[in-house]
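Notes follow once the structure below has been shown.
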Amino acid sequence: MRKLFWLSIICIFIIAGCGTTDEVESENTETEQITITHELGQTDVPKNPENIVVFDFGMLDTLDYLDIHITGVPQTNIPSYLEKYSSEDYENIGSLKEPDFEKISKIDPDLIIISGRQSEMYDELSKLGPVVYLGVDHTRYIDSFKENLEKIGKIFDVEDKIEDELNKIDDSISTLNEKAKKSNSNSLIILANDDKISAYGSGSRFGLIHDVFGIPAIDKNIEASTYGMNVSFEYVKEKDPDILYVIDRSAAIGEEPAAKNIVENSLMKDTKAFQNDKIIYLNADYWYLSGGGLVSMTKMIDEIDASID
1 MRKLFWLSII
11 CIFIIAGCGT
21 TDEVESENTE
31 TEQITITHEL
41 GQTDVPKNPE
51 NIVVFDFGML
61 DTLDYLDIHI
71 TGVPQTNIPS
81 YLEKYSSEDY
91 ENIGSLKEPD
101 FEKISKIDPD
111 LIIISGRQSE
121 MYDELSKLGP
131 VVYLGVDHTR
141 YIDSFKENLE
151 KIGKIFDVED
161 KIEDELNKID
171 DSISTLNEKA
181 KKSNSNSLII
191 LANDDKISAY
201 GSGSRFGLIH
211 DVFGIPAIDK
221 NIEASTYGMN
231 VSFEYVKEKD
241 PDILYVIDRS
251 AAIGEEPAAK
261 NIVENSLMKD
271 TKAFQNDKII
281 YLNADYWYLS
291 GGGLVSMTKM
301 IDEIDASID
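Sequential numbering from 1 applies to the sequence shown in my numbering.
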């Protein structure tokens, strides 16, 4: 009887111990949640999410650089250096302005990253998964850029890597600022769209050339609007900037590049920019499609640096 009694006691302890182990394992498998505060609200996101949907090409650029796997992207007008995301290895989630809600629902995303074009669909997308807005605020470009990357660092547990990359970018910008001061060159930024041009100044989507990189604007009265200020080539000739920066919208949206034929016309041949070979055609992938990414920011700094003597 005593043997049976002690055997029963031992079995009880073994069973209890097994139960405790299962509970610990269950607790350890729970995904850690973090709260991300962004422009459109606060979102609880699992740390190191697996099924990721990205609508912003700048964030796609960043996550690709960090070697983080993406599940779904809009496969229209993907920047050429991110062309691999147009393959069947990734889910096509519609376009930047028209998400495929059904496809996103099937993905059952752990994280959806959006920016300006999807902001009005925030509530609807939030029904399909945690949504975080990581668009760049052009009125405070560099601060906004850094805040977005710091959020990426927290979500994917790569804060040290992000800090290192941001320090490199800060150093590059400081060097560029010094070079710009010594150069003393002014500039004008235009977007070429078919046979029309529009100018962009401080606080605009391309205004970091002036606001962050330190190249003075020849016209400080350009209104900061999404589509720029409609101008003529007579206006460009009258302002006569030392450097004319050109973004080709046709090239950005997959059409035949057209800016050079439009810009280098008879009126422009008398300008300093034309005569000094300072009409600079910026890479539309970085400037028009994927601004705000780790790679695009580095390339943008390089392009402006190369434009200054």
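Idealized CB from N, CA, C, for every residue including glycine.
query                                                                                                                                                                              : result
So what's D67 in DSSP terms, helix, strand or just coil?                                                                                                                           : coil
Check whether the region 258–272 touches the region 236–249, taking contact to mean three or more Cβ pairs, one atom from each stretch, closer than 8 Å.                           : yes
Might you give, ordered along the chain, the residues of its own chain that have their beta carbon closer than 8 Å to the beta carbon of Y141, omitting 5 neighbours on each side? : G207, L208, D211, V212
Within its chain, find whatever has a CB closer than 7 Å to the CB of D309; leave out the 5 residues flanking it on each side and keep chain order.                                : S183
For D285 versus S80, is the C-beta distance shorter than 8 Å?                                                                                                                      : yes
Counting Cβ pairs closer than 8 Å, one from the region 215–231 and one from the region 148–163, do we hit at least three?                                                          : no
Tell me which same chain residues have a C-beta within less than 7 Å of the C-beta of A180, skipping the five on either side of it?                                                : F213, G214, I215, I308
CB I247 to CB L176, shorter than 8 Å?                                                                                                                                              : no
Please identify the residue among N193, N48, V73 whose C-alpha is closest to the C-alpha of K103.                                                                                  : V73
Beta-carbon separation of V45 and T71 under 8 Å?                                                                                                                                   : no
Drop a sphere of 10 angstroms on the beta-carbon of E25, count the other beta-carbons inside from all chains shown, and report buried for 16 or more, exposed for fewer.           : Confidence at E25 is low in this model, with a pLDDT of 40, below 50, so its placement is unreliable and the value that follows should be read with caution. By the neighbour-count rule (16 or more Cβ atoms within 10 Å), E25 is not buried but exposed.
Which partner residues does Y200 have in the DSSP bridge list?                                                                                                                     : I189
Under the three-state reduction of DSSP, which class applies to N315: helix, strand or coil?                                                                                       : Residue numbering for the chain in the displayed model covers 1 to 309; residue 315 lies beyond these limits and cannot be assessed.
Based on the DSSP secondary-structure assignment, which residues constitute the bridge partners of G41?                                                                            : H38
Should Y288 go down as buried or exposed, given a rule of 16 or more other Cβ atoms within 10 Å for buried?                                                                        : buried
Keeping to the same chain, check which residues put their C-beta closer than 8 Å to that of N265; ignore five residues upstream and five downstream.                               : F233
For L244 versus L294, is the C-beta spacing smaller than 8 Å?                                                                                                                      : no
Since D321 and S185 should fall inside the 8 Å C-beta cutoff, what is the C-beta to C-beta distance between them, to a whole number of angstroms?                                  : The question about residue 321 has no answer here: the residues shown for the chain are numbered 1 through 309.
Pair every Cβ in the region 129–137 with every Cβ in the region 36–50, then say whether three or more of these pairs are closer than 8 Å.                                          : yes
If we define contact as Cβ-Cβ less than 8 Å, is M121 a contact residue for chain C?                                                                                                : Judged by its chain identifiers, the structure shown contains no chain C, having just a single protein chain.
Going residue by residue through the region 224–258, where are the continuous alpha helix (DSSP H) segments of at least 4 residues, counting only ones entirely within it?         : 233–239, 249–252
Under a Cβ-count criterion, where at least 16 other Cβ atoms within 10 Å of its own Cβ denotes burial, should I253 be classed as buried or exposed?                                : exposed
Let me know if G292 comes out buried or exposed under the rule of 16 or more other beta-carbons within 10 Å of its beta-carbon.                                                    : buried
Does the distance from the C-beta atom of Y281 to that of K260 stay below 8 Å?                                                                                                     : yes
How about L149 and T62: are their beta carbons less than 8 Å apart?                                                                                                                : yes
Using a Cβ-Cβ cutoff of less than 7 Å, which residues in the same chain neighbour D137 once the five nearest sequence positions on both sides are dropped?                         : S144
Considering only DSSP beta bridges, list what P369 is partnered with.                                                                                                              : The shown model of the chain, from 1 to 309, leaves out residue 369, and the question about it has no answer.
For a quick check, are the C-beta atoms of I113 and Y122 less than 8 Å apart?                                                                                                      : no
For I209, which three-state DSSP category applies?                                                                                                                                 : helix
Output the distance between the C-alpha atoms of N92 and Q118, rounded to the nearest integer angstrom.                                                                            : 16 Å
Pick helix, strand or coil for L294, following the three-state DSSP scheme.                                                                                                        : helix
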